[in-house]
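Counted the way our numbering counts, the sequence shown spans residues 2 to 129.
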Amino acid sequence: MCDDIMREVSGCRLSHEPGTLEGYSRRSVKGEHYPALVPDEEGRVDGVVYRNVPNSAWDRLDRFEGGMYARQPVLIELNDGATLYASAYVVQPEFLDHLEQSEWDFTGFLRNGKASFQRHYKGFQSFK
Numbered sequence: 002m003c004d005d006i007m008r009e010v011s012g013c014r015l016s017h018e019p020g021t022l023e024g025y026s027r028r029s030v031k032g033e034h035y036p037a038l039v040p041d042e043e044g045r046v047d048g049v050v051y052r053n054v055p056n057s058a059w060d061r062l063d064r065f066e067g068g069m070y071a072r073q074p075v076l077i078e079l080n081d082g083a084t085l086y087a088s089a090y091v092v093q094p095e096f097l098d099h100l101e102q103s104e105w106d107f108t109g110f111l112r113n114g115k116a117s118f119q120r121h122y123k124g125f126q127s128f129k
C-alpha cells in the first residue's frame, strides 16, 4: 500500500487507485511489521490496486513475497462501484500459524513499523 515500497520492490512506478476486497482480512504476522491477506467470509480489506503491472515487476514481486504467499486472482471493487479482477498475494494455509489473530493496522505500520521494515527486511535490498 506504500507507493515508495512498491516502486522499490517492483522496479517501476505503477499507477494505482483505492480498492476494496471483500471476503478477506489482513492479519498481523507474528514478530513482523508486514501483514498477511487471508480468506475470511466476513472480512473486508481496503487497499490499493496497482494497474498495468509489467511481467518484469511480477517476477520481482513473486520473489519478494516468497513462499509464504501465493498470487491469486481476486475481485476488487473500486471507489466508483466498478469491479475488476486483480492479483493478490494470499497466505498459504500451511503458514496460518505464523499469523496473529489481530487485524493488521496500516496507520500503526506507517507510524511504528515502516522505517524498520525498510531497513531490516531480509531480501529487500536485493531488489534495488
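Idealized CB from N, CA, C, for every residue including glycine. Because the structure is a prediction, the values reported are computed rather than measured.
Original post:
Can you tell which of E18, D63, P40, S57 has its C-alpha closest to the C-alpha of E104?
Top reply: The option with the nearest alpha carbon to E104 is P40.
Original post:
If you draw a straight line from the C-alpha of D81 to the C-alpha of E18, how long is it?
Top reply: Approximately 11 Å, taken between the alpha carbons.
Subject >> Continuous alpha helix (DSSP H) assignments of at least 4 residues falling wholly in the region 41-78 >> reply: 56-66
Original post:
Leaving out five residues before and five after R61 in sequence, what residues of the same chain have Cβ atoms less than 7 Å from its Cβ?
Top reply: Answer for R61: V10, S11, G12, F128, listed in chain order.
**OP:** For A116, name the three-state secondary structure that DSSP assigns.
**Re:** DSSP places A116 within a helical segment (H, G or I) once states are collapsed to three.
**OP:** Check the C-beta distance from L100 over to V91 and give it rounded, since I have them as a contact under 8 Å.
**Re:** Their Cβ separation, rounded to whole angstroms, is 12 Å, which puts L100 and V91 out of contact at 8 Å.
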